[in-house]
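Structure, as structure tokens:
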Amino acid sequence: MSCSRACFFFRAVLLFVFAVLFAPDSARATIGYSVSIAQPEQHSFRVTMSIPNVKEECVVQLPAWNATYQIRDFAQRIQDVRARDGAGATLPLEKLDKQTWRIRGRGKVTVEYSSFWDEPGPFSSQLNSSHAFINLALILFYVPARRAEDVRIDFADVPANWAIGLALRPGETSSTFLAASYDALADAPVEISEFQQFRFAAHGGGRDFTVRVVVHGDNWSQAQLSEVLRKIVVTGTDLMRDAPFEEFLFIYHFGAAASGAGGGMEHANSTAIHVGAAGNAAGVSAHEFFHLWNVKRVRPRSLEPVDYTRENWTRALWFAEGVTSTFANYILLRSGLWTRRQFLDDLAQQLTELESRPAHRWKSVEEASLDAWFEKYALYRRSDFSISYYNKGQILGVLLDILMRDASDNRAGLDDLMRALNENFAKRGRTYEDTADIRATAEKLAGKHLGDFFARYVSGTAELPAREMLAHAGLRLETEALTRADFGFITGHGPDGLVVATQVESGSAAEQAGLRLGDILLEVNGGAFPRNAERWLREHHPGETVKLRIRRNGAEREVSLTLGRRQESVYTMEEDANAGEKQRRIRESLLRGVGYR
């Protein structure tokens with residue numbers, strides 16, 4: 003080959019390589035999805051998946067779980083799966099197990115199917131005449147060996163007056179979006195509707211960023227919601243001294259749009275939240291926003307890599323979820339959204355709740371983390387079978403904070419622990435070794451061996467020394483005997499975020515009124531049933547008649563009952579006016595946060 007021909011050939015190859023490497027995302031041969039919402043009356047998403055560069059065959063799967071630690075078998079909702087080649091010819095398709103299909107073909111393979119969803123809530127998906135809300139992992143197949151490849155998604159048949167809200171890079175059209183992998187795509191919930199939205203600029207964690215808010219629903223104030231969210235995001239990013247995003251998206255469903263569902267779900271750069279009343283959004287918003295670090299970036303090794311086909315067992319949910327609740331309350335307090343009184347009352351209530359569950363005497367918070375996968379069962383949610391890793395984890399977060407501050411003469415606390423985990427693990431692309439790395443990091447900061455604390459109260463079931471530990475922060479814990487109003491049933495939350503009766507007391511007014519185990523509680527006295535029933539009951543009295551709206555087997559009905567009474571011992575908490583100088587410093591640092599020593 004002559005030099006001129008060789009040089010020409012080399013330049014041609016080089017140009018081809020550069021064209022491939024630096025082609026725009028939209029021009030590359032990527033796995034693509036098209037999601038049609040043309041059938042809202044049938045609640046049916048029609049999905050078309052395009053898979054390039056297939057050799058001889060490919061396998062596709064649908065996750066068995068996502069959004070909650072529960073196997074929910076999303077494949078049960080799949081209908082009419084078909085496969086064809088690039089020329090449109092039908093390809094052989096074989097189902098291998100409950101969630102896996104094998105397709106024989108070469109080149110470009112297209113898979114089409116329908117997915118039925120009509121469940122409200124941040125952990126589910128729903129398509130109806132008013133909107134589409136999608137957790138994409140619930141409806142999108144993936145190729146197991148190609149999860150790390152770039153993907154693109156397009157939403158089809160969107161009504162002209164509807165918009166699309168999600169936290170992904172835009173593609174070449176207003177309905178096309180791009181992600182670096184299937185996992186990144188699955189971590190971006192979508193709201194498609196005639197929603198209202200607004201943005202605001204903020205500064206926190208040493209940088210400027212934007213917050214986008216999408217709202218489907220009614221009875222909310224942009225001015226009030228904007229003020230609440232600004233305080234949360236600025237306080238949270240300042241606490242962490244970090245803002246790992248350019249824009250963060252809050253998706254809300256308020257009022258009737260929440261359809262009785264409640265709660266929130268964290269995602270990499272967004273969150274989806276359902277609450278009956280916009281005025282109750284602050285707590286769940288603070289919790290889900292702090293997940294931006296804890297769980298989404300500061301991540302336990304036991305949750306990686308995600309196995310969509312089976313349980314990912316972890317002992318770390320007490321920290322990933324419970325300590326996130328600790329920080330959510332710190333954010334509410336330090337931002338001024340809560341008073342000290344509210345913070346102390348909530349902490350006292352958490353202690354009361356823990357001790358009211360007989361299972362706390364034998365089930366550790368690490369074991370409760372492992373058993374999260376049982377929470378879809380009503381029996382397991384009973385107080386004699388389980389404890390909440392949210393509840394005990396939140397308490398442990400405060401106690402560990404005090405322990406670290408006491409050991410270090412208030413030079414280090416839980417804020418420093420979370421920032422250290424962020425610097426040493428998240429920012430270095432590393433996962434942490436569950437409780438072991440939490441303990442090691444806390445010990446390094448506190449300058450003290452903390453093995454006894456973790457062995458007795460995290461891995462073990464010893465009674466928490468809450469009274470004496472809180473005293474180190476100038477807080478006084480007391481008990482008080484009260485007569486309380488009582489529903490006659492105990493509530494929990496189902497996988498869709500709905501409030502469910504998990505236990506109906508024998509002989510109670512609730513049982514006599516016909517309430518049953520597993521009934522979904524939608525309303526009380528015309529308002530949304532509270533996610534925290536104990537708080538609601540504190541504002542009511544024995545002997546009051548209340549009207550409940552419940553759902554059983556898909557049918558709604560009203561139930562009237564008279565509130566009963568129960569005697570109980572509850573915790574109360576006060577600031578100790580006689581606390582010593584060190585205890586007062588610890589208390590002020592705990593309550594006031596960043597920059598206070």
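Numbering of the sequence shown is given in my numbering, commencing with residue 3 and proceeding in unit increments.
For glycine and all other residues, C-beta sits at the position ideal for the given N, C-alpha and C.
This structure is a prediction, so every number in the text was calculated from the model and none was measured.
So the candidates are Ala581, Gly167, Gln63; which of them puts its Cα closest to the Cα of Arg478?
Here residue 478 refers to the residue found at position 476 when the sequence shown is read from its first residue. Checking every option, the nearest Cα to that of Arg478 belongs to Ala581.
For Ile155, list the residues DSSP reports as bridge partners.
Mapped onto the sequence shown, residue 155 falls at position 153. DSSP, once it has assigned bridges, lists Tyr35, Phe179 as partnering Ile155.
Name the residue from Ala158, Pro191, Ser261, Glu355 whose alpha carbon lies nearest to the alpha carbon of Thr493.
Locating residue 493 in the sequence shown gives position 491, counting from the first residue. It is Glu355 whose Cα lies nearest to the Cα of Thr493.
Lys233: buried (16+ other C-beta within 10 angstroms of its C-beta) or exposed?
Position 231 of the sequence shown, counted from the start, is the residue given in the question as residue 233. By the C-beta density criterion, Lys233 is buried, having at least 16 other C-beta atoms within 10 angstroms.
By a C-beta neighbour count over all protein chains shown, 10 Å radius and 16 as the cutoff for buried, is Ser287 buried or exposed?
Sequence index remark: in the sequence shown, residue 287 carries index 285 (1-based). Looking at its Cβ environment, which holds 16 or more other Cβ atoms inside 10 Å, Ser287 is buried.
Simplified DSSP assignment, three categories, for Ala557
Position 555 of the sequence shown, counted from the start, is the residue given in the question as residue 557. Ala557 falls in the strand class under three-state DSSP.
Asp436: which of Asn393, Ile136, Ala322 sits nearest, CA to CA?
Here residue 436 refers to the residue found at position 434 when the sequence shown is read from its first residue. Of Asn393, Ile136, Ala322, the residue nearest in Cα terms is Ala322.
Check whether the Cβ atoms of Ala150 and Gln101 sit closer than 8 Å, and answer yes or no.
Translated into the one-based positions of the sequence shown, residue 150 becomes position 148. Translated into the one-based positions of the sequence shown, residue 101 becomes position 99. No, the pair does not count as a contact, with Cβ atoms beyond the cut-off.
Excluding the 5 residues flanking Gly281 on each side, which residues of the same chain have their C-beta closer than 7 Å to its C-beta?
Walking along the sequence shown from the start, residue 281 turns up at place 279. Same-chain partners within the cutoff: there are none.
Cα separation between Ala428 and Glu513?
Translated into positions along the sequence shown, residue 428 becomes position 426. Translated into positions along the sequence shown, residue 513 becomes position 511. Their backbone Cα atoms lie some 50 Å apart in a straight line.
On the three-state DSSP scale, how would you describe Glu1?
Given a span of 3 to 599 for the chain in the structure shown, any question on residue 1 remains unanswerable.
How big is the Cα-Cα spacing for Ala25 and Ser36?
The residue given as residue 25 occupies position 23 in the sequence shown. The residue given as residue 36 occupies position 34 in the sequence shown. Residue placement at Ala25 is poorly supported in this model, since its pLDDT is 44, which falls under 50; the coordinates still yield a value, given next. Rounded to whole angstroms, Ala25 to Ser36 spans 22 Å at the Cα level.
My guess is that Phe491 and Leu517 are in contact by the Cβ rule of under 8 Å, so how many angstroms apart are they, rounded?
Sequence index remark: in the sequence shown, residue 491 carries index 489 (1-based). Sequence index remark: in the sequence shown, residue 517 carries index 515 (1-based). Confirmed, about 6 Å.
Which residues does DSSP pair with Asp87 in a beta bridge?
Your numbering for residue 87 matches position 85 in the sequence shown. DSSP output for Asp87 lists Val111 as bridge partner(s).
Quick check: the Cα distance between Val236 and Ile333, rounded to an integer number of angstroms?
The residue you call residue 236 lines up with position 234 of the sequence shown. The residue you call residue 333 lines up with position 331 of the sequence shown. Distance between Val236 and Ile333, taken at the CA atoms: about 9 Å.
Give the straight-line distance between the Cα atoms of Arg441 and His362, rounded to the nearest whole angstrom.
Looking up residue 441 in the sequence shown gives position 439. Looking up residue 362 in the sequence shown gives position 360. Those two C-alpha atoms are separated by around 22 Å.
Identified DSSP bridge partners for His255:
Taking the sequence shown and counting its residues from 1, one reaches residue 255 at position 253. Beta-bridge pairing links His255 to His218, His276.
Per DSSP, what kind of secondary structure is Gly578 in: helix, strand or coil?
In the sequence shown, residue 578 corresponds to position 576, counting from 1. Note that residue 578 corresponds to Asp in the displayed sequence, not to Gly. Looking at Asp578 - three-state DSSP - the assignment turns out to be coil, as it is neither helix nor strand.
Determine whether the Cβ of Phe455 lies closer than 8 Å to any Cβ atom of chain B.
Of the chains in the structure shown, none is chain B; there is only one protein chain.
Using only the heavy atoms of the ligand MG, determine whether one of them is closer than 7 Å to the beta carbon of Leu241.
With respect to the ligand MG, the structure offers nothing, as it holds no ligand at all.
With a threshold of 16 other CB atoms inside 10 Å of the CB of Glu583, please say whether the residue is buried or exposed.
For the purposes of this step, residue 583 is taken as residue 581 along the sequence shown, with counting starting at 1. With fewer than 16 Cβ atoms within 10 Å of its Cβ, Glu583 is classed as exposed.
Are three or more beta carbon pairs between the segment 471 to 489 and the segment 535 to 550 nearer than 8 Å?
yes
Could you check the C-alpha separation between Trp364 and Ser390 for me, to the nearest Å?
As a first step, residue 364 is located in the sequence shown; it is residue number 362 there, counting from the start. As a first step, residue 390 is located in the sequence shown; it is residue number 388 there, counting from the start. Distance between the alpha carbons of Trp364 and Ser390 is about 13 Å.
List the residues that DSSP assigns as beta-bridge partners of His1.
Outside the shown range of the chain (3 to 599) lies residue 1, about which nothing can therefore be said.
Would you tell me roughly how many angstroms separate the C-alpha atoms of Leu592 and Ser410, rounded to the nearest one?
Along the sequence shown, one-based indexing puts residue 592 at 590. Along the sequence shown, one-based indexing puts residue 410 at 408. So the alpha carbons of these two residues sit roughly 14 Å apart.
Between the Cα of Ser183 and the Cα atoms of Ile194, Ile166, Asp152, Ile53, which residue gives the shortest distance?
As a working mapping, residue 183 is identified with position 181 in the sequence shown. Of the listed residues, the one whose Cα sits closest to Ser183 is Asp152.
Looking at the unbroken beta strand (DSSP E) that takes in Gln224, where does it start and where does it end?
In the sequence shown, counting from the first residue as 1, residue 224 sits at position 222. It is not in any beta strand (DSSP E) - Gln224 instead sits in the alpha helix (DSSP H) that spans 224 to 242.
Just checking, does the segment 192 to 201 make contact with the segment 215 to 223 on the three C-beta pairs under 8 Å criterion?
yes
Assess contact between the segment 153 to 164 and the segment 529 to 542, defined as three or more Cβ pairs (one per stretch) separated by less than 8 Å. Is contact present?
no
Note down, in chain order, each residue of its chain lying with its Cβ closer than 7 Å to the Cβ of Glu306, except the 5 sequence neighbours on either side.
Locating residue 306 in the sequence shown gives position 304, where the first residue counts as 1. Closer than 7 Å at Cβ, skipping near neighbours: Thr433.
If you compare alpha carbons, which of Gly167, Gln226, Thr175 is closest to Gln198?
In the sequence shown, residue 198 corresponds to position 196, counting from 1. Closest in C-alpha terms to Gln198, from the list Gly167, Gln226, Thr175, comes Gly167.
Once DSSP output is grouped into helix, strand and coil, what is the label at Ile389?
By one-based count along the sequence shown, residue 389 stands at place 387. Note: Ile389 maps to coil in three-state DSSP.
Tell me the start and end of each unbroken alpha helix (DSSP H) in the segment 284 to 352 that is at least 4 residues and wholly inside, in chain order.
326 to 336
Quick check on Ser28: does DSSP put it in helix, strand or coil?
Reading the sequence shown from its first residue, position 26 is the one you call residue 28. Confidence is the limiting factor: at Ser28 the pLDDT is only 38, short of 50, which leaves the residue's position unreliable, though a coordinate-based value still follows. When DSSP states are grouped into helix, strand and coil, Ser28 belongs to the helix group.
Alpha carbon to alpha carbon, how far is Gly395 from Glu465?
Residue numbering aside, residue 395 sits at position 393 when the sequence shown is read from its first letter. Residue numbering aside, residue 465 sits at position 463 when the sequence shown is read from its first letter. Cα to Cα, the separation comes out at about 14 Å.
Determine which residues share a DSSP beta bridge with Ser571 and list them.
One-based indexing of the sequence shown puts residue 571 at position 569. Answer is Ala483.
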